[in-house]
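Trainee: Have a look at this one before I ask anything.
Written out as structure tokens, the structure reads:
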């Protein structure tokens, strides 16, 4: 894992060290820059494979045809190295970076589909005067880019682009509204109008004349036909693909460990890691102390994590998360690059910091398991539509009216209100609405009139609706939702904050459930092998039955427990009131202070559930102040 940056245009080479400095936390093990005429590349290194100087970047192939900066890991680099050697290549070191630069020199972007890994890279093709950027299909590693009058620039983190002269940091109204309603900006948008994300599975080519071409190299989701697997065949195949994914991602020349919540996903990964490493002591695990989330509908994970630790023989480090640290919103937003209002980011940072303090530089995460096997509550909510989705419009309108009357001051009321809040909407819109934390119409009074005018007819779900419309006909409702999970919630939210928090601590996080072969297998599964009755992740649970503790397999689904609503009516609420009273919210040009306080008070009365969007107000204000100077 590393940080990359660079440019193609009329920039001074002195820009490269400044970009490296802005993301130096991503690479505590070394820095490098390279420039030639109008192109420059920069790199900060977190050494994971081949710790010797032969892994130093920027790196060129032996004949100087391609120069590369690369962030990530190529898990099948040994197989690709063998292919290159059969083609007559002579490689000097043992890093995956050298394999990648030689592949690019020999095969160009044609090699992109061959890569099994997590990556974001930039490669300069000297003979063609062409810059190529690419990002892994799952979106594990971030990559931002911008165009200014002077040319094209890119970086692993948006903050590195602040050093680029002329970058447009005007707030992107559509993105800002999305952080408040969805918690993330789906697609290529970022909080800054002049900065874009490279989408997962895409490549970008920048030519000498400044022209930019964007295209996909990875196949789209859910393009293959669903297969009628016999249950026993599916169970064996699932075991094979999961075990293979974990084994592939254990390659490292530094100590590694894992997140362990005591849930199905993290326990499954821990089981296979211990099995392949052949020693539990070599796989230290990390879990969080409970933080009072029970009142908000979260269970205590720690007893399950301790159970798994004992059964597998792995060391378990329990990490504290002091409530005072949750007030460090400015630091959080600075690390995240984006105004992401999710307290889970604090938990990720705490665990990664604890791992690094114990010398662990790589952690395996269960992220992605819910998104490919169907494990979220919204998947169960979608399944419940078979009981009421057939109702005629007047009856479904009545469900909407009922949802408006439900109290939001308890988990059951909040979930039922979310379930029926869009019951009368068309099917695609109803499906996308499950991702909303607050309707655009409820948010609108908290926004400044000029900002509302910028939004006009914008809806936070529009990008999702476009993505659904692009799917092949015949994709099931469940797979449509999983497509949105993977394309946006996972790539633009969970993986983004995980990468930023981990790299802020100098730790690499790997995600075995997003192995391409495993993902492709799950896309071919029929719905009843993902959901059955009230059981989510049916096939994964069946595959791990008798392998991991039954207590883990049979426990209810939960998430990271965090007392956000208590904070909203404590320190976070006081901060919102102070910002409104001082005119700071009005001064952003985004918010109307009185409207924000009205939203806060409606939440306190249990009339609406605006906890995450209200945290979003704090995060957006912080981002505007730190990044846009507002």
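Numbering (this note's numbering), first residue to last: 34 to 663. Glycine included, each C-beta is placed from N, C-alpha and C at the ideal position. All of these numbers come straight from a predicted model, not from anything done at the bench.
1. Going by beta carbon distance, what residues of the same chain come within less than 6 Å of residue 376, once the five residues before and after it are set aside?
2. Considering only residues of the same chain and omitting the five flanking positions on each side of residue 541, which have a CB-CB separation below 7 Å?
3. Just to confirm, is the Cβ distance from residue 277 to residue 543 under 8 Å?
4. Give the range of the beta strand (DSSP E) segment to which residue 144 is assigned.
5. What's the gap between the Cα of residue 123 and the Cα of residue 205?
6. Evaluate residue 443 with the Cβ neighbour count: other Cβ atoms within 10 Å of its Cβ, from every protein chain shown; 16 or more gives buried, anything less gives exposed.
7. I need the boundaries of the beta strand (DSSP E) containing residue 235, first residue and last residue.
8. In this structure, does DSSP put residue 273 in helix, strand or coil?
9. Whether or not the stretch 367-382 and the stretch 652-660 are in contact is what I'm after, with contact meaning three or more pairs of Cβ atoms, one per stretch, closer than 8 Å; do they touch?
10. Compare the Cα-Cα distances from residue 480 to each of 62, 117, 600, 630 and report the closest residue.
11. Report the three-state DSSP secondary structure of residue 623 (helix, strand or coil).
12. If you pair each beta-carbon of the stretch 562-582 with each one of the stretch 394-414, do three or more pairs fall below 8 Å?
13. Reducing DSSP to helix, strand and coil, say where residue 384 ends up.
14. Using three-state DSSP, classify residue 455 as helix, strand or coil.
15. Which one or two residues does DSSP pair with residue 230 in a beta bridge?
16. What beta strand (DSSP E) runs, 3 residues minimum, are completely inside the stretch 515-602?
17. Three or more C-beta pairs closer than 8 Å, one from the stretch 260-278 and one from the stretch 213-225: is that the case here?
18. Among all the DSSP beta bridges, which residues are the ones paired with residue 76?
19. Should residue 95 go down as buried or exposed, given a rule of 16 or more other Cβ atoms within 10 Å for buried?
20. For the putative contact between residue 275 and residue 551, defined by C-beta atoms under 8 Å, what is the C-beta separation to the nearest angstrom?
21. Taking the DSSP output, what are the residues bridged to residue 350?
22. Would you check if there are 3 or more beta carbon pairs closer than 8 Å linking the stretch 521-537 to the stretch 381-390?
23. Compute the Euclidean distance between the alpha carbons of residue 194 and residue 446, then round it to the nearest angstrom.
24. Assuming the contact rule is C-beta atoms closer than 8 Å, residue 470 and residue 645 should be a hit. Round their C-beta distance to whole Å, please.
25. With which residues is residue 102 paired in a DSSP beta bridge?
26. When the Cα atoms are used, what is the spatial distance from residue 60 to residue 104?
27. Three or more C-beta pairs under 8 Å: does that hold for the stretch 517-527 against the stretch 416-424?
28. Could you please give the first and the last residue of the uninterrupted alpha helix (DSSP H) stretch that includes residue 250?
29. For residue 163, which residues of its own chain have a beta-carbon under 8 Å away from its beta-carbon, when the five flanking residues on both sides are left out?
30. From residue 101 to residue 289, what distance separates their C-alpha atoms?
31. Nearest-angstrom Cα distance between residue 522 and residue 379?
32. Relative to the C-alpha of residue 299, which candidate in 464, 317, 530 has its C-alpha closest?
33. In three-state terms, what does DSSP make of residue 368?
34. Just reading off the beta strand (DSSP E) that residue 188 is part of, what are its end residues?
35. State yes or no: is the C-beta of residue 436 within less than 8 Å of the C-beta of residue 450?
36. Is the separation between the beta-carbon of residue 187 and that of residue 73 shorter than 8 Å?
Mentor: Taking the geometry as given:
1. On the chain shown, position 343 is the one that residue 376 refers to. Cβ neighbours of residue 376 within its own chain (closer than 6 Å, five residues either side excluded): 595, 597.
2. Taking the chain shown and counting its residues from 1, the one referred to as residue 541 is at position 508. If we look at residue 541 and ignore the five residues flanking it on each side, its Cβ neighbours are 34, 79, 81, 394, 395, 535.
3. On the chain shown, residue 277 is found 244 positions in, with the first residue counted as 1. On the chain shown, residue 543 is found 510 positions in, with the first residue counted as 1. Not closer than 8 Å, so no.
4. Walking along the chain shown from the start, residue 144 turns up at place 111. Note, residue 144: premise wrong, no beta strand (DSSP E); not H, not E.
5. Residue 123 sits at position 90 when you count from the first residue of the chain shown. Residue 205 sits at position 172 when you count from the first residue of the chain shown. A direct Cα-Cα distance of roughly 48 Å separates residue 123 from residue 205.
6. On the chain shown, residue 443 is found 410 positions in, with the first residue counted as 1. Residue 443 comes out exposed.
7. Numbered from 1 along the chain shown, position 202 holds the residue referred to as residue 235. That run of the beta strand (DSSP E) goes 235-239.
8. Position 240 of the chain shown, counted from the first residue, corresponds to residue 273. In the structure shown, residue 273 sits in a helix (DSSP, three-state: H, G or I).
9. When Cβ pairs closer than 8 Å are counted between the two stretches, the stretch 652-660 is seen to touch the stretch 367-382, the count reaching three or more.
10. Position 447 of the chain shown, counted from the first residue, corresponds to residue 480. The residue among 62, 117, 600, 630 with its C-alpha nearest the C-alpha of residue 480 is 630.
11. Taking the chain shown and counting its residues from 1, the one referred to as residue 623 is at position 590. Three-state result, residue 623: coil.
12. The answer is yes - the stretch 394-414 touches the stretch 562-582, with three or more Cβ pairs under 8 Å.
13. Numbered from 1 along the chain shown, position 351 holds the residue referred to as residue 384. DSSP, read as helix, strand or coil, puts residue 384 in helix.
14. What you label residue 455 is simply residue 422 of the chain shown in a count that begins at 1. Looking at residue 455 - three-state DSSP - the assignment turns out to be coil, as it is neither helix nor strand.
15. In the chain shown, counting from the first residue as 1, residue 230 sits at position 197. For residue 230, DSSP records a beta bridge to 177.
16. Within the stretch 515-602, the complete beta strand (DSSP E) runs of at least 3 residues are 541-543.
17. Cβ pair count under 8 Å is below three, so no.
18. Here residue 76 refers to the residue found at position 43 when the chain shown is read from its first residue. For residue 76, which the question treats as bridged, DSSP gives the partners 37, 65.
19. Along the chain shown, read from residue 1 onward, the residue named residue 95 stands at position 62. Counting the other CB atoms within 10 Å of its CB gives residue 95 a total below 16, which places it among the exposed residues.
20. By one-based count along the chain shown, residue 275 stands at place 242. By one-based count along the chain shown, residue 551 stands at place 518. Correct: roughly 6 Å between the Cβ atoms.
21. Taking the chain shown and counting its residues from 1, the one referred to as residue 350 is at position 317. BP columns for residue 350 point to 319.
22. Yes: the two stretches touch, three or more of their Cβ pairs being nearer than 8 Å.
23. Working through the chain shown from its first residue, we reach residue 194 at position 161. Working through the chain shown from its first residue, we reach residue 446 at position 413. Between residue 194 and residue 446, the C-alpha separation is close to 43 Å.
24. Locating residue 470 in the chain shown gives position 437, where the first residue counts as 1. Locating residue 645 in the chain shown gives position 612, where the first residue counts as 1. 5 Å between Cβ atoms; contact.
25. Looking up residue 102 in the chain shown gives position 69. DSSP output for residue 102 lists 155 as bridge partner(s).
26. Counted from its first residue, the chain shown places residue 60 at position 27. Counted from its first residue, the chain shown places residue 104 at position 71. Their Cα atoms are separated by approximately 10 Å.
27. Taking one beta carbon from each stretch, the stretch 517-527 and the stretch 416-424 have fewer than 3 pairs nearer than 8 Å; the two do not touch.
28. In the chain shown, residue 250 corresponds to position 217, counting from 1. Per DSSP, residue 250 belongs to no alpha helix (DSSP H) and is neither H nor E.
29. The residue given as residue 163 occupies position 130 in the chain shown. In its chain, beyond the 5 residues on either side, 157, 238, 239, 240, 241 have a beta carbon closer than 8 Å to the beta carbon of residue 163.
30. Counting from one through the chain shown, the residue named residue 101 turns up at place 68. Counting from one through the chain shown, the residue named residue 289 turns up at place 256. Our two residues, residue 101 and residue 289, have alpha carbons roughly 26 Å apart in a direct line.
31. For the purposes of this step, residue 522 is taken as residue 489 along the chain shown, with counting starting at 1. For the purposes of this step, residue 379 is taken as residue 346 along the chain shown, with counting starting at 1. Their backbone Cα atoms lie some 18 Å apart in a straight line.
32. Within the chain shown, numbered from 1, the residue matching residue 299 stands at position 266. Closest by alpha carbon: 317.
33. Numbered from 1 along the chain shown, position 335 holds the residue referred to as residue 368. Three-state result, residue 368: helix.
34. Numbered from its first residue, the chain shown carries residue 188 at position 155. Counting along the chain, the beta strand (DSSP E) containing residue 188 begins and ends at 184-188.
35. Locating residue 436 in the chain shown gives position 403, where the first residue counts as 1. Locating residue 450 in the chain shown gives position 417, where the first residue counts as 1. In this structure, residue 450 lies closer than 8 Å to residue 436 by Cβ.
36. The count along the chain shown starts at 1 and reaches residue 187 at position 154. The count along the chain shown starts at 1 and reaches residue 73 at position 40. With contacts defined by Cβ atoms closer than 8 Å, residue 187 and residue 73 do not form a contacting pair.
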